[in-house]
Amino acid sequence: MSEGKKTKLITAGRDKKWTNGVVNPPVQRASTVVFNTVAEKNQAAINRANKTLFYGRRGTNTHFAFQDAMVEIEGGAGCALYPCGTAAISNAILSFVEAGDHILMVDTCYEPTRDFCNVIMKKMGVETTYYDPMIGENIRDLIQPNTKILFLESPGSITMEVQDVPTMARIAHEHDIIVMLDNTWGAGVNFSPFEHGVDISIQAATKYIVGHSDVMLGTAVASEKYWDQLREQSYLMGQCVSPDDAYLGLRGIRTLDVRLRQHAENSLKVAQWLASRPEVDHVRHPALETCPGHEFFERDFTGGNGLFSFVLKTSYPKATTALLDGMKHFSMGYSWGGYESLILANEPRSFNSLRTVANPNFEGTLIRIHVGLEDVEDLIADLEAGFARYNALVLEKEVSLK
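So the number in the numbering used here is just where the residue sits in the sequence shown, counting from 1, plus 799.
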């Protein structure tokens, strides 16, 4: 009998060899590991890639427990740990490309991922082609003989397009292309990457895995075919994390389901309220039909979270600033996935640098919000007051133009 999702989040990574009689695998800090005999040292060297205490950079029991938990949650054969999500993305790519290779990168990728491709990959002689997130089966037209990686991010960064991952993965595999996915929004539990054809699932565990906006952490879970290479290449590039951070990631997993469900419930209420506002052109929440790729969300995801965007009917930066500056419960800040609500704005011109082939050409300002765990009525009241400030300046502008 297989465990339910909620149960798995409670039991994952709690093998007795990691817990030693306590409920939570304890924090084990180490750089040097000492051995009692030469034979013991030699055996550890032989098994150093298989969750054996060998040297701190290879990990301690705290790391091994967290890695086990991520594999139990997402699937795959093994999990590599990184000091942040960007490190997980860059090292996963670096582990498999060489000069002369080609990457297909979704145009709605996280901005640092784009910067990595445009700077580091270009310097290494690796070509990147950006593609429209809604390309679907037509991705085959962009495949080159030297294409090594198809990289997806679903939903897309800021604009929230949900991709047809199974179709694109199938086509990529026909050409022996590695399929990588930034699965941070799905958090490993609301989208099952390996059931949909993904080879390497990457997360900024900084976000929902940790869940408290106080740890930088990245993960990459790989299928059997690619695990050994990902593990060893990442090790050679010096990737390791603090056992304290691994512990906090492991602890965050225990409440992941209940947090995500509350985030999702709150965000849907806020999204539906926003959809009724006269200032709003449309809402880009994957659970709503107005979000591109909503049908793939309905088909492939088992739940949502607190992150989505909405687009205003007009762009007036002064009014947008007034909306944001007076917020009480929505803080301005990068990242998301913590317990708190966040808000950021993107004026239409910003997409000229954020997009290569899929510029949405919005007429109005896009506002991205992360709906936290506060009382949803307080959040709606906060936004309503923000719109009052916004409308006051819009009206002032209209009067001045008469």
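No residue lacks a Cβ here, since even glycine has one placed at the ideal position from N, Cα and C. Fair warning: this is a prediction, and the values are worked out from it, not measured in the lab.
- One alpha carbon belongs to Phe1186, the other to Lys805, and they sit about 38 Å apart.
- Segment contact: the stretch 945-963 against the stretch 1002-1020, fewer than three CB-CB distances shorter than 8 Å; contact not assigned.
- Cβ-Cβ distances below 6 Å link Arg857 to Arg847 in the same chain, with the five nearest sequence neighbours on each side left out; the list follows chain order.
- Cβ-Cβ distances below 7 Å link Ser1108 to Ile957, Thr958, Met959, Arg1083, Leu1165, Ile1166 and Arg1167 in the same chain, with the five nearest sequence neighbours on each side left out; the list follows chain order.
- The alpha-carbon separation between Asp981 and Leu1200 amounts to approximately 46 Å.
- At a Cβ-Cβ threshold of 8 Å, Ala968 and Val978 count as neighbours.
- Within the stretch 1102-1190, the runs of alpha helix (DSSP H) that reach at least 4 residues and sit entirely inside it are, in chain order, 1116-1124 and 1150-1153.
- For Phe1161, the CB contacts under 6 Å within the same chain, skipping 5 residues up- and downstream, are Val1110 and Pro1147 in chain order.
- Contact holds between the stretch 941-952 and the stretch 894-908, because three or more Cβ pairs, one in each stretch, are under 8 Å apart.
- Judged by their CB atoms, Tyr1115 and Val1198 are not nearer to each other than the 8 Å cut-off.
- If you draw a straight line from the Cα of Thr1089 to the Cα of His1081, it comes to about 7 Å.
- Put simply, the backbone Cα of Thr836 is about 37 Å away from that of Ile872.
- Here Ser1033 is not near Gly875, since their CB atoms are 8 Å or more apart.
- For the stretch 856-899, the full-length alpha helix (DSSP H) segments reaching 4 residues or more read 860-873 and 884-893 along the chain.
- Counting along the chain, the unbroken alpha helix (DSSP H) around Gly1048 starts and ends at Pro1042 to Arg1053.
- Bridge pairing for Glu952: Asp981 [DSSP].
- Shown here, Gln842 sits in a helix according to DSSP, grouped into three states.
- Taking all protein chains shown into account, Leu949 has 16 or more neighbouring C-beta atoms within 10 Å of its C-beta and is therefore buried.
- Segment contact: the stretch 993-1008 against the stretch 1130-1137, three or more CB-CB distances shorter than 8 Å; contact assigned.
- DSSP places Asp1027 within a helical segment (H, G or I) once states are collapsed to three.
- Nearest C-alpha to Ser1066 among Asp1177, Thr1113 and Pro992: Asp1177.
- Looking only at Glu910, Leu1172 and Val1156, the smallest Cα-Cα distance to His1128 is reached by Leu1172.
- Close CB contacts of Lys1117 within its chain, under the 6 Å cut and outside five residues either way in sequence, are with Leu1192 (chain order).
- The Cβ-Cβ distance between Val1156 and Asp906 falls below 8 Å.
- When secondary structure is reduced to three states using DSSP, His974 falls in the coil class, being assigned neither helix nor strand.
- Per DSSP, Asp1099 lies in no beta strand (DSSP E); the unbroken alpha helix (DSSP H) holding it starts and ends at His1093 to Asp1099.
- Put simply, of Ala971, Lys1196 and Leu1182 the residue whose alpha carbon is nearest the alpha carbon of Ser1075 is Leu1182.
- Under the DSSP assignment, Leu808 falls in the alpha helix (DSSP H) whose first and last residues are Lys804 to Thr810.
- Separation of Asn1145 and Ser1152 (C-alpha to C-alpha, rounded to the nearest whole angstrom) is 12 Å.
- Here Glu1078 carries a coil assignment [DSSP, helix/strand/coil].
- Contact annotation: Ala1063 and Gly1092 have beta-carbon atoms that are not nearer than 8 Å.
- For Met904, the three-state secondary structure derived from DSSP is strand.
- Across the set Gly803, Tyr1046 and Gln1028, the C-alpha of Tyr1046 shows the shortest separation from the C-alpha of Thr859.
- If you draw a straight line from the Cα of Glu839 to the Cα of Gly1017, it comes to about 32 Å.
- DSSP places Ser1000 in the strand class (E or B) of the three-state scheme.
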